[in-house]
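K.L.:
There are 2 protein chains.
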Amino acid sequence: MTGKDTGVEIPAAWYSILADLPDYDPLERRPPSDLGPPADGPVRLSPQLPLTMYRQSVSRERHVPIPDEVRAHYERWRPTPLRRAREFEKYLDTPARIYYKHEGVSPSGSHKLNSALAQAYYYKKAGIQELATGTGAGQWGTALAMACRAFGLGCTVFMVRCSYDQKPQRRAIMEMFGARVVPSPSPLTRSGRAVLADDPDSPGSLSIAGSEGIQYAWEGTGRRYASGSAENHVLLHQTVIGQEAIAQMRRLGEFPDVVVAAIGAGSNFAGLAFPFYRESLDERRDTELVAVEPKACPKLTRGRYGWDHHDASGSMPMSKMYSLGHEFVPPVIHAGGLRYHGAAPVVSWMYHQKLMSAVAYGQREVFEAGLAFARTEHIVPAPESAHAIRCVVDRAAQARRTGRETVILFNLSGHGLLDLGAYQQYLDGSLPEDADFDDLVPAGGER
Amino acid sequence: MTGKDTGVEIPAAWYSILADLPDYDPLERRPPSDLGPPADGPVRLSPQLPLTMYRQSVSRERHVPIPDEVRAHYERWRPTPLRRAREFEKYLDTPARIYYKHEGVSPSGSHKLNSALAQAYYYKKAGIQELATGTGAGQWGTALAMACRAFGLGCTVFMVRCSYDQKPQRRAIMEMFGARVVPSPSPLTRSGRAVLADDPDSPGSLSIAGSEGIQYAWEGTGRRYASGSAENHVLLHQTVIGQEAIAQMRRLGEFPDVVVAAIGAGSNFAGLAFPFYRESLDERRDTELVAVEPKACPKLTRGRYGWDHHDASGSMPMSKMYSLGHEFVPPVIHAGGLRYHGAAPVVSWMYHQKLMSAVAYGQREVFEAGLAFARTEHIVPAPESAHAIRCVVDRAAQARRTGRETVILFNLSGHGLLDLGAYQQYLDGSLPEDADFDDLVPAGGER
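Same order as they appear, the protein sequences are chains A and B.
The first sequence begins at 1 in our numbering and counts up one residue at a time.
The second sequence begins at 1 in our numbering and counts up one residue at a time.
1) How would you list, in chain order, the residues of chain B whose beta-carbon sits under 9 Å from the beta-carbon of Gly421(A)?
2) Of the choices Ala13(B), Arg29(B), Ala19(B) and Val407(B), whose alpha-carbon is the least far from that of Glu231(B)?
3) Please report the Cβ distance between Thr135(A) and Met159(A), rounded to the nearest whole angstrom; I am assuming they are in contact, meaning their Cβ atoms lie under 8 Å.
4) Distance cutoff 9 Å, beta carbons only. Does Val258(A) sit that close to anything in chain B?
5) Ala19(A) to Ala382(B), Cα distance in whole Å?
6) Can the beta-carbon of Lys101(B) be found closer than 9 Å to that of Ala245(B)?
7) Quick test of the definition: if touching needs 3 or more C-beta pairs under 8 Å, does the region 211 to 230 of chain B touch the region 309 to 318 of chain B?
8) On the premise that Thr287(B) lies in contact with Ala358(B), defined as a C-beta separation below 8 Å, what is that separation, rounded to the nearest angstrom?
9) In the DSSP output, which residue or residues are listed as bridge partners for Ala261(B)?
10) Is the distance from the Cβ of Val259(B) to the Cβ of Val290(B) below 9 Å?
11) For Ile333(B) and chain A, any beta-carbon pair shorter than 9 Å?
12) Short of 6 Å in beta carbon distance, which residues of its chain neighbour Pro187(A), apart from the five on each side in sequence? Order them along the chain.
13) Does any residue of chain B have a CB that is nearer than 9 Å to the CB of Ser115(A)?
14) Any beta carbon of chain A sitting closer than 9 Å to that of Val240(B)?
15) Strictly under 9 Å for the Cβ-Cβ distance: is Glu138(B) near chain A by that measure?
16) Are Glu89(B) and Arg97(B) closer than 9 Å when you measure CB to CB?
17) For Arg84(B), which residues in chain A fall below 8 Å Cβ to Cβ?
18) Just to check, is the beta-carbon of Glu219(A) closer than 8 Å to a non-hydrogen atom of the ligand FAD?
19) Which chain A residues are close to Leu371(B), counting only those with a beta carbon under 8 Å from its beta carbon?
20) Given that a residue counts as buried once 16 or more other Cβ atoms are within 10 Å of its Cβ, and exposed if not, what is Gln353(A)?
21) Using a Cβ cut-off of 8 Å, pull out every chain B residue sitting near Ile10(A), in sequence order please.
22) Does any CB atom of chain A fall closer than 9 Å to the CB of Ile379(B)?
23) Which residue's Cα is closest to the Cα of His63(B): Ile128(B), Ser16(B), Ala273(B) and Asp257(B)?
24) Report the rounded CA-to-CA distance for Thr156(A) versus Trp140(A), giving the unit in angstroms.
25) For Pro442(A), which residues of its own chain have a beta-carbon under 8 Å away from its beta-carbon, when the five flanking residues on both sides are left out?
26) Given that Arg375(A) touches chain B, what residues does it touch there, using C-beta distances under 8 Å?
27) Can you tell which of Ile214(B), Gly271(B), Trp218(B) and Gly213(B) has the C-alpha that lies nearest to the C-alpha of Val234(B)?
28) Could you tell me the distance, in whole angstroms, from the CA atom of Val181(A) to the CA atom of Leu417(A)?
29) Can you tell me the Cα-Cα spacing of His326(B) and Glu212(B), whole angstroms?
30) Using CA coordinates, which residue listed in Arg84(B), Arg223(B) and Ala126(B) is at the minimum distance from Met53(B)?
31) Looking at the C-beta of Val105(B), does it have a partner C-beta in chain A at a distance below 9 Å?
32) I need the DSSP call for Ser207(A), collapsed to helix, strand or coil.
33) Run the CB neighbour count on Thr221(B), radius 10 Å, all protein chains shown included, and call it buried at 16 or more, exposed below.
34) Classify Gly152(B) as buried or exposed, calling it buried when 16 or more other Cβ atoms lie within 10 Å of its own Cβ.
35) Excluding the 5 residues flanking Ala388(B) on each side, which residues of the same chain have their C-beta closer than 8 Å to its C-beta?
36) From the beta carbon of Gln424(A), is the nearest beta carbon of chain B less than 9 Å away?
Shown next as structure tokens:
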């Protein structure tokens, strides 16, 4: 059995990849533009995080214990199943063995709850009363709404307008859990007003919603901005995924040749891939780590590596990362969680060091793969997760050509039950063509 | 741990309650009106079921082995978790211990897949090429679409029009799995056309959709009508739920005082309650079995016990059952799965013999309970399941008044992730008042 009953344990600690990347400096940041022009060189900034979480984001300690209160919540659905996609393999007619880690079974429907609970716990302990955030497809917003409710915090979610319009059910579920949901750009904040003045019909973006969340948090007392990805501590919290997967694969006598995950800013990718980075070092295996991004927002394959802001208004510190520019507004695609202009600094660094690879796909080919997976494995994948599946399809075809029994593991980061409208569009043939990225960013990008 | 890791096994056999109800005659049927006027007395009819399944519907053998091919599918998500609702208990401030069986984790999102897979398997073996059916909220249609895909059968689903309009996502998911979805009443069938001639705006009902499914099946070759509830073999297939629950409760050293489940026609109720009927006989326990119905469609509490048709047009054989009349069109409520005029014959018989009880609730109080459960337990219940939860709230309050540590078990038959629009209406205050049943059925009913 490769499912829920593999008998592995929830890890006792999160895994910090910083311990294994001695040349990467997590303290290297530049101040936000609100604090004046960027300093001449890198400066060291302490963000407004609870001290424990700040330490998590910079510490080189390999194992960071998971607090009992957080672990007790994890026990409600973790360990998540690791399954072999046998019917999908048959459909793909491949000698590859395809496994997936099913994070869609979480109460919020995605991996995002792993970090939301940890953050709500630390902020609550630090005396904070309310968390604000930005959300794309709503997976992060839903997770934070649930986590805030679990730990007795208020929650305000700035939801990217195009997702707000596409997915009314997402708004409903966040409101069910007591969150206030505001379509972004909104007139509530300075940076929202600035975007609306420029373009009243702006579809929004994760970086705009992030700016709004930060500014809203700053303007009140007892409020903080909770980040759903990009930051080291968020990536850290997700490593329960990969650690469980290693134990589950081991029980099956398997080790992946390829580990695949979609990338928005990087929490889903890091959650699965980082522990395998360590493990492949230990096992002297040449495991490939692949991040999959949308062609509409190809920060790794088409972005530039350099200093940039995490949010549209430049209210957050600058990081060195792959980015399409913090003012880039990606075209509207259904995988709203991947519409982020940059990649997490540590993921960017690894990509720059060629410790991982990346590939980009268009929306239609992604939905085609997602539908094929749903029809064979009976799980509707979130559009974000369907990006990983699209890459798996290619790797499985490659295995067929070479006759190699490649072992592929991917992260099914969330279910797509609130994205059925998008699948209906694909079935109806009304899913729009992908925008041509070169038309959007004439300057292109370079690696 | 009271979750997925309780280490119990999927049962090897379904449990037939007919073995324990010697006075109930499963062969007692009257011919459909299409075959002429009802005979003077009960006649014995053999429906167009594959022989194995027909035997299942009438046999008094207590244990009916589950075929390996069906069990292999069950293994993908069964045993389903049995959980204690500790946070809900706290919220209700009750000494009662509340457990729930979580059937919402199935690939189709509800318990319905337990029977859909079994039926698709038997029909496929019998050489059938396509199954037709009627669905209310879409839970049965979704399950049948998945099961047909799994066993290589075509699938046509007549979906009650009000649900079709309320829940476009349900249509999408059925189409994803290759089913053809037709809003009912439709111009495709004789009985659909008759209803439309009478009322072009008819919201439809499960009994109309059932008539359409049957007539559609009759008019083609290699087609059969698959029933989602009411029939003995369907109830039988659902008994995996209760059998697992018994084993899971036993490992916790618990036995329920009250077993609660919503009732449409009875498959959800029977699935959980029937095995406990047997078990409480064995254990000499006075366990109460409670079926919960909507006030808008109160077949047990307000219906009449007598001969009636299962479908609106009278195309199916008549059964002796509690019914509001086969032509009754229930008012539109979100729990579309409960909008059925009658109760399964064997459930009706048990109710008539006072071997179980029943209670009815209004839509708003049901959503209030469903929302409270979602907020405390982080699972959005289907509106059907929220009926059971509403009853649990009352029993928990009773326990508080009496100070008794009542052990309550209910069936969380499905998740409500495709019903978020209904919860949004409740939150917005726009959920309609319940229709007054007495205005709908002036003749009332009697027990």
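Don't be surprised by glycine CBs; every beta carbon is placed ideally from N, CA and C.
P.N.:
Let me lay it out:
1) The residue given as residue 421(A) occupies position 421 in the first sequence. The contacting residues are Pro168, Gln169 and Ala172.
2) As a first step, residue 231(B) must be located in the second sequence, where it is residue number 231. Just measuring C-alpha positions, the residue of Ala13(B), Arg29(B), Ala19(B) and Val407(B) sitting nearest Glu231(B) is Arg29(B).
3) On the first sequence, residue 135(A) is found 135 positions in, with the first residue counted as 1. On the first sequence, residue 159(A) is found 159 positions in, with the first residue counted as 1. Yes, they are in contact, since the Cβ atoms of Thr135(A) and Met159(A) sit about 5 Å apart, within 8 Å.
4) Here residue 258(A) refers to the residue found at position 258 when the first sequence is read from its first residue. Closer than 9 Å: no.
5) To locate residue 19(A), count along the first sequence from 1; it is residue 19. To locate residue 382(B), count along the second sequence from 1; it is residue 382. Using only the alpha carbons, I get a separation of about 45 Å.
6) Within the second sequence, residue 101(B) is the residue found at index 101, counting from 1. Within the second sequence, residue 245(B) is the residue found at index 245, counting from 1. In this structure, Lys101(B) places its C-beta atom within 9 Å of the C-beta atom of Ala245(B).
7) Using a C-beta cut-off of 8 Å, the region 211 to 230 of chain B makes contact with the region 309 to 318 of chain B, since at least three inter-stretch Cβ pairs fall below that distance.
8) Counted from its first residue, the second sequence places residue 358(B) at position 358. Counted from its first residue, the second sequence places residue 287(B) at position 287. Going by Cβ atoms, the distance from Ala358(B) to Thr287(B) rounds to 15 Å, so no, they are not a contact pair.
9) As a working mapping, residue 261(B) is identified with position 261 in the second sequence. Partner(s): Ala291(B).
10) Mapped onto the second sequence, residue 259(B) falls at position 259. Mapped onto the second sequence, residue 290(B) falls at position 290. Contact flag set, yes.
11) Walking along the second sequence from the start, residue 333(B) turns up at place 333. Output row for Ile333(B): interface = no.
12) Along the first sequence, read from residue 1 onward, the residue named residue 187(A) stands at position 187. So the list reads Arg193, once near-sequence residues are dropped.
13) Within the first sequence, the letter at position 115 stands for residue 115(A). It does not; no Cβ of chain B falls within 9 Å.
14) By 1-based counting over the second sequence, the position of residue 240(B) is 240. False, the Cβ-Cβ gap to chain A never drops below 9 Å.
15) The residue labelled residue 138(B) in the question sits at position 138 within the second sequence. The sequence shown places Gly at residue 138(B), rather than the Glu named in the question. For Gly138(B), the answer is no, since every Cβ of chain A falls outside 9 Å of its Cβ.
16) To locate residue 89(B), count along the second sequence from 1; it is residue 89. To locate residue 97(B), count along the second sequence from 1; it is residue 97. In contact: Glu89(B) and Arg97(B) (Cβ atoms closer than 9 Å).
17) Here residue 84(B) refers to the residue found at position 84 when the second sequence is read from its first residue. By Cβ distance, chain A contributes nothing, its closest Cβ being about 11 Å from Arg84(B), past 8 Å.
18) Absence of the ligand FAD is noted for the structure shown, with no ligands found whatsoever.
19) Translated into the one-based positions of the second sequence, residue 371(B) becomes position 371. Within 8 Å Cβ-Cβ: Met176.
20) The residue you call residue 353(A) lines up with position 353 of the first sequence. With fewer than 16 other Cβ atoms within 10 Å, it is exposed.
21) One-based indexing of the first sequence puts residue 10(A) at position 10. Near Ile10(A) there are no residues of chain B at all, since even the closest Cβ is about 11 Å away, more than 8 Å.
22) One-based indexing of the second sequence puts residue 379(B) at position 379. Ile379(B) belongs to the set of residues whose beta carbon lies under 9 Å from a beta carbon in chain A.
23) Position 63 of the second sequence, counting from 1, holds the residue named residue 63(B). Looking at the Cα atoms, Ser16(B) is the closest of the given residues.
24) In the first sequence, the residue the question calls residue 156(A) occupies position 156. In the first sequence, the residue the question calls residue 140(A) occupies position 140. Taking the straight line joining both Cα atoms gives about 12 Å.
25) As a position in the first sequence, residue 442(A) is number 442, starting the count at 1. Its pLDDT being 42, under 50, Pro442(A) is placed unreliably in this model, and the coordinates cannot settle the point.
26) Here the question's residue 375(A) lines up with position 375 in the first sequence. Under the 8 Å cutoff, chain B gives Arg149, Met176, Phe177 and Gly178.
27) For this step, residue 234(B) is matched to residue 234 along the second sequence. Of Ile214(B), Gly271(B), Trp218(B) and Gly213(B), the residue nearest in Cα terms is Gly271(B).
28) Here residue 181(A) refers to the residue found at position 181 when the first sequence is read from its first residue. Here residue 417(A) refers to the residue found at position 417 when the first sequence is read from its first residue. Across the structure, Val181(A) and Leu417(A) are spaced so that their CA atoms are roughly 20 Å apart.
29) Stepping through the second sequence from its first residue, residue 326(B) is reached at position 326. Stepping through the second sequence from its first residue, residue 212(B) is reached at position 212. Computed Cα separation, rounded: 14 Å.
30) Within the second sequence, residue 53(B) is the residue found at index 53, counting from 1. Looking at the Cα atoms, Ala126(B) is the closest of the given residues.
31) Looking up residue 105(B) in the second sequence gives position 105. With its beta carbon less than 9 Å from one in chain A, Val105(B) belongs to the interface.
32) Looking up residue 207(A) in the first sequence gives position 207. In this structure, DSSP gives Ser207(A) a helical state, which the three-state scheme calls helix.
33) Counting from one through the second sequence, the residue named residue 221(B) turns up at place 221. Label assigned to Thr221(B): exposed.
34) Walking along the second sequence from the start, residue 152(B) turns up at place 152. The residue in question, Gly152(B), is exposed, as its Cβ has fewer than 16 Cβ neighbours within 10 Å.
35) Locating residue 388(B) in the second sequence gives position 388, counting from the first residue. Closer than 8 Å at the Cβ level, and outside the excluded window around Ala388(B), lie Val260, Ala261, Ala262, Val292, Phe410, Asn411, Leu412 and Ser413.
36) Within the first sequence, residue 424(A) is the residue found at index 424, counting from 1. So yes, Gln424(A) belongs to the interface.
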